[in-house]
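Q:
Numbering (my numbering), first residue to last: 148 to 635.
#1: For residue 506 versus residue 518, is the C-beta spacing smaller than 8 Å?
#2: Pick helix, strand or coil for residue 237, following the three-state DSSP scheme.
#3: May I ask which residues mark the beginning and end of the alpha helix (DSSP H) holding residue 189?
#4: Report yes or no: do three or more beta-carbon pairs, one from the stretch 237 to 246 and one from the stretch 386 to 401, lie closer than 8 Å?
#5: Any idea what DSSP makes of residue 638, helix, strand or coil?
#6: The alpha helix (DSSP H) that contains residue 367, what's its start and end?
#7: Since residue 486 and residue 397 should fall inside the 8 Å C-beta cutoff, what is the C-beta to C-beta distance between them, to a whole number of angstroms?
#8: Rounded to a whole number of angstroms, what is the C-alpha to C-alpha distance between residue 355 and residue 492?
#9: Since residue 224 is in the alpha helix (DSSP H), which residue starts that stretch and which ends it?
#10: Tell me, please, whether the stretch 328 to 343 touches the stretch 296 to 309 by the rule of three or more beta-carbon pairs shorter than 8 Å.
#11: Name the one or two DSSP bridge partners that residue 431 has.
#12: For residue 252, which residues of its own chain have a beta-carbon under 8 Å away from its beta-carbon, when the five flanking residues on both sides are left out?
#13: Less than 7 Å between C-beta atoms, sequence neighbours within five positions excluded: which residues of the same chain meet that for residue 606?
#14: Would you mind sorting residue 317 into buried or exposed? The rule is 16 or more other CB atoms within 10 Å of its CB.
#15: Specify the secondary structure class of residue 109 as computed by DSSP and reduced to three states.
#16: Should residue 599 and residue 539 be called a contact, given that it needs their Cβ atoms to be closer than 8 Å?
#17: Going by DSSP in three states, residue 457 sits in which element: helix, strand or coil?
#18: For the stretch 431 to 513, list the beta strand (DSSP E) runs that are entirely contained and at least 3 residues long, ordered along the chain.
#19: Going by beta-carbon coordinates alone, are residue 273 and residue 243 separated by less than 8 Å?
#20: Considering just the uninterrupted stretch of the alpha helix (DSSP H) at residue 588, what are its terminal residues?
#21: Can you tell which of 433, 220 and 186 has the C-alpha that lies nearest to the C-alpha of residue 498?
#22: Can you give me the Cβ contacts of residue 429 inside the same chain, cut-off strictly under 6 Å, excluding the 5 residues immediately before and after it?
#23: Rounded to whole angstroms, how far is the Cβ of residue 207 from the Cβ of residue 455, which I believe are closer than 8 Å?
#24: Grab me the residues of residue 556's own chain with a C-beta within less than 7 Å of its C-beta, minus the 5 sequence neighbours each way, in chain order.
#25: Using beta-carbon positions only, say whether residue 261 and residue 442 come within less than 8 Å of one another.
#26: Taking 7 Å as the limit between beta carbons, can you name the residues of its chain near residue 166, skipping five residues before and five after?
#27: Taking DSSP's pairing of strands, which residues face residue 314 in a bridge?
#28: Where does residue 150 land, buried or exposed, given buried means 16+ other C-beta within 10 angstroms?
#29: Give the secondary structure of residue 530 by DSSP, where H, G and I count as helix, E and B as strand, and everything else as coil.
#30: Sort 550, 186, 495 and 190 by Cα distance to residue 164 and report the nearest one.
#31: Which of the three DSSP states is assigned to residue 248 in this structure?
#32: Once the 5 residues before and after residue 175 are set aside, which same chain residues still bring their CB inside 6 Å of it?
#33: What's the gap between the Cα of residue 423 and the Cα of residue 402?
#34: Between which residues of its own chain and residue 526 is the CB-CB distance below 7 Å, once the five residues before and five after are set aside?
#35: Quick one: what does DSSP say residue 149 is sitting in, helix, strand or coil?
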């Protein structure tokens, strides 16, 4: 009998889990299927992409998205959707410059490699050799092993840096040197491990200024952006920007007005999707800035053990994430995330393909992953690494479904079982879960919530239901006992 009862419980668990999984995935838009569209049918793909995009924007509550598509070494389409600002109703347009966040690193890498081509720097020389007005702080690790190549590849041993402090464009803020003085602290031996670092790229910003004697933004605009045709791009915010950059929107939908950082090399670029597409085109053929040797160097793996980023990419080069697609082609990419902003570009230089996605919402990673999946299927790349974010969505949906199924079974036991086992242990587990849920709800930023803004809410809610079921199942026998005594 026990074996039959156990089988029935498993059957109920599996059935309920499947039903809840279908409910969650249907509610989050995860049951949409990729259409087969001929790889040369740009108009057909654009129609499909627009339809899918508008659906995802509504599902994920994303105000605005700007896109640009590169095919066979040409920009074949660009468009913008939604709003630059919800309160005023300002529409997002293709010529609206947006913060591209860490896509800036790829552009900054071009600035550094331009100095390398001019033989003004040695990539493997100590960084300190080129710093006149800034001294690297003493450390238990050898600061002389901080080289330009290691800074470009995030292997210099520097920390991530301050990513939460932002400033209004008109308010006073620290200088680049003041911020670097606070943040340039070695946390590990240079050259031993990949450690994603905004601080390292901000130090490269200072390198460009020290070597050239010019302002970083002015140098980048004159020597990199304008020669590449990026006419709407700048590392300097200006009140004269027309249209004005869009308002960003945080995970909870809170509006984030346009902001700046004291540092610009790691995430300070304003650009349109078309301009980032022009940047991708420069890597696909001849350009007036860098030779093929320098471009190939940026696309050479410097570290293939890249921590959590290894779930999506294969390696990091100089300013670019790298992955080998299932068809053997090399793909380059970089994304950006900041307060209220998410961006991404992906390109396959040898085929002349590229896709740029800029959004003014911090809820955009599943949308970006979905659009990249559609693009990859259309262009004949079986998959791209960012698609694994969708696998994560389905995985979280599965976990949430199983938690809900177990919650139903727990509550069902109250009506089918005379004795509830481990009552005090259940109560303790329930209280621990309530504390964890309250703590997570109070946090301004949690990585899981950032990557999976909808599915993390399902997981949180399912855990709340489970904790409640645990507590009810633990307390119900006591309630029944009290009621029976009262009746007596």
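We treat Cβ as the ideally placed atom computed from N, Cα and C, and that holds for glycine.
A: In terms of the structure at hand:
#1: Looking up residue 506 in the chain shown gives position 359. Looking up residue 518 in the chain shown gives position 371. Contact flag unset, no.
#2: Along the chain shown, read from residue 1 onward, the residue named residue 237 stands at position 90. Strand.
#3: Translated into the one-based positions of the chain shown, residue 189 becomes position 42. Residue 189 -> alpha helix (DSSP H) spans 189 to 207.
#4: yes
#5: Outside the shown range of the chain, which is 148 to 635, sits residue 638, and nothing can be said about it.
#6: Sequence index remark: in the chain shown, residue 367 carries index 220 (1-based). Run containing residue 367: 363 to 367, per the alpha helix (DSSP H) assignment.
#7: If you number the chain shown from 1, residue 486 lands on position 339. If you number the chain shown from 1, residue 397 lands on position 250. A Cβ-Cβ separation of about 6 Å places residue 486 in contact with residue 397 under the 8 Å criterion.
#8: Counting from 1 along the chain shown, the entry for residue 355 is found at position 208. Counting from 1 along the chain shown, the entry for residue 492 is found at position 345. Near 25 Å, if we compare the C-alpha coordinates of residue 492 and residue 355.
#9: Taking the chain shown and counting its residues from 1, the one referred to as residue 224 is at position 77. Segment 221 to 232 is the beta strand (DSSP E) holding residue 224; no alpha helix (DSSP H) there.
#10: yes
#11: Walking along the chain shown from the start, residue 431 turns up at place 284. Note: residue 431 sits in no beta bridge, so no partner.
#12: Counting from one through the chain shown, the residue named residue 252 turns up at place 105. Correct list, in chain order: 348, 412, 413, 414, 466 and 481.
#13: Taking the chain shown and counting its residues from 1, one reaches residue 606 at position 459. Same-chain partners within the cutoff: 543, 546 and 547.
#14: Here residue 317 corresponds to residue number 170 of the chain shown, with the count starting at 1. Label assigned to residue 317: exposed.
#15: Residue 109 is absent from the structure shown; the chain starts at 148 and stops at 635.
#16: In the chain shown, residue 599 corresponds to position 452, counting from 1. In the chain shown, residue 539 corresponds to position 392, counting from 1. Their beta carbons are under 8 Å apart, which means residue 599 touches residue 539 by this criterion.
#17: Taking the chain shown and counting its residues from 1, one reaches residue 457 at position 310. If DSSP states are grouped into helix, strand and coil, residue 457 belongs with the helices.
#18: 468 to 471, 477 to 485, 488 to 495 and 500 to 506
#19: As a working mapping, residue 273 is identified with position 126 in the chain shown. As a working mapping, residue 243 is identified with position 96 in the chain shown. Their beta carbons are not under 8 Å apart, which means residue 273 does not touch residue 243 by this criterion.
#20: Taking the chain shown and counting its residues from 1, one reaches residue 588 at position 441. Here the alpha helix (DSSP H) through residue 588 covers 570 to 589.
#21: Counting from 1 along the chain shown, the entry for residue 498 is found at position 351. Out of 433, 220 and 186, 220 has the C-alpha closest to the C-alpha of residue 498.
#22: Locating residue 429 in the chain shown gives position 282, counting from the first residue. Taken in chain order, the residues that qualify are 375.
#23: Numbered from 1 along the chain shown, position 60 holds the residue referred to as residue 207. Numbered from 1 along the chain shown, position 308 holds the residue referred to as residue 455. Incorrect: roughly 22 Å between the Cβ atoms, too far for contact.
#24: Counted from its first residue, the chain shown places residue 556 at position 409. Taken in chain order, the residues that qualify are 156, 159 and 160.
#25: To locate residue 261, count along the chain shown from 1; it is residue 114. To locate residue 442, count along the chain shown from 1; it is residue 295. Taking 8 Å as the Cβ cut-off, residue 261 and residue 442 do not qualify as a contacting pair.
#26: The sequence position of residue 166 within the chain shown is 19, counting from 1. In its own chain, leaving out the 5 sequence neighbours on each side, no residue places its CB closer than 7 Å to the CB of residue 166.
#27: For the purposes of this step, residue 314 is identified with residue 167 of the chain shown, where counting begins at 1. Listed as beta-bridge partners of residue 314 by DSSP are 407.
#28: To locate residue 150, count along the chain shown from 1; it is residue 3. Note that residue 150 scores 42 on pLDDT, short of 50, meaning its location in the model is unreliable; the coordinates nonetheless yield the value given after this. Residue 150 comes out exposed.
#29: As a position in the chain shown, residue 530 is number 383, starting the count at 1. If DSSP states are grouped into helix, strand and coil, residue 530 belongs with coil.
#30: The sequence position of residue 164 within the chain shown is 17, counting from 1. Looking from the CA of residue 164, the closest CA among 550, 186, 495 and 190 belongs to 550.
#31: Translated into positions along the chain shown, residue 248 becomes position 101. Three-state DSSP puts residue 248 in coil, outside helix and strand.
#32: As a position in the chain shown, residue 175 is number 28, starting the count at 1. If we look at residue 175 and ignore the five residues flanking it on each side, its Cβ neighbours are 601.
#33: Position 276 of the chain shown holds residue 423. Position 255 of the chain shown holds residue 402. One C-alpha to the other measures close to 25 Å.
#34: Within the chain shown, numbered from 1, the residue matching residue 526 stands at position 379. Excluding sequence positions up to five before and after residue 526, its CB lies within less than 7 Å of the CB of 186 and 500, all in the same chain and listed in chain order.
#35: In the chain shown, the residue the question calls residue 149 occupies position 2. Here residue 149 scores only 46 on pLDDT, less than 50, and its place in the model should not be relied on; the value that follows carries that caveat. Of the three classes helix, strand and coil, the one that applies to residue 149 here is helix, per DSSP.
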